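The sequence shown lines up with residues -21 to -1, 1 to 139 when you count with mature numbering (1 follows the signal peptide of the UniProt record, and there is no 0).
In what follows, a structure is listed as structure tokens, so that the remarks can point back to it.
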Amino acid sequence: MLAIIRMIMAACVFLLLSACADQNSNGSISSSGEPGGAYCKNKSSLCYKQDGKKYQVMKTSRNYEEKGVASWYGKKFNKKRTSSGERYNMYKMTAAHKTLPLSTYVQVTNLSNGKRVIVKVNDRGPFIGNRLIDLSYAAAKKLGMVNQGIAPVSIKAVKV
């Protein structure tokens, strides 16, 4: 009888821990920093689900380059926790990206005016439309895109 009770308790603990690995309903990442396993084809990968869509985090940012649309986020998110666990500071040079490893540094070039910045990826997103990267207010200001809200950009992973 005692063995059956232990098995049931172990199963309950397993189910509770499995639930903790999932993304919270409000879109934030679990306390582990990045959800794991549940949505991944490869269990060693980091994956998460947002608005019903699955994302697999790249194992490395080496040789990463891409062009797309950048947006920025500011006061509404200021001082809230990011996916990395840091608090968002709209005056620091940071960004959100859906699949780059957290703490990756990328050079972002505004293709409309040639201005460039280097930002640290410390959050996940953007999850609106076809946007590639969400920049902090400070980064967007240096790129000259605050008034427009979005800008065509190229991003390239860099070593710092």
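Beta carbons are placed, not taken as given, at the ideal position from N, Cα and C, and that holds for glycine.
Computed from a predicted structure; not experimentally measured.
Quick check on this structure: which residue in the options has the alpha carbon closest to the alpha carbon of residue i?
i, options, result
"residue 68", "48, 88, 101 and 85", "101"
"residue 91", "49, 26, 36 and 40", "49"
"residue 61", "132, 120 and 99", "99"
"residue 122", "103, 81, 134 and 87", "87"
"residue 120", "132, 137, 70 and 78", "70"
"residue 134", "25, 128, 43 and 56", "43"
Determine the DSSP secondary structure at residue i, reduced to helix, strand or coil.
i, result
"residue 38", "coil"
"residue 84", "strand"
"residue 70", "coil"
"residue 77", "coil"
"residue 52", "strand"
"residue 122", "helix"
"residue 27", "strand"
Assuming residue i contacts residue j under a Cβ cut-off of 8 Å, what Cβ separation, rounded to an integer in Å, is found between them?
i, j, result
"residue 72", "residue 118", "5 Å"
"residue 137", "residue 85", "6 Å"
**Item:** Validate contact between the region 110 to 125 and the region 58 to 65 using beta carbons, cut 8 Å, 3 pairs
**Value:** no
**Asked** With contact counted as at least three CB pairs below 8 Å, one residue from each stretch, are the region 50 to 58 and the region 26 to 35 in contact?
**Response** no
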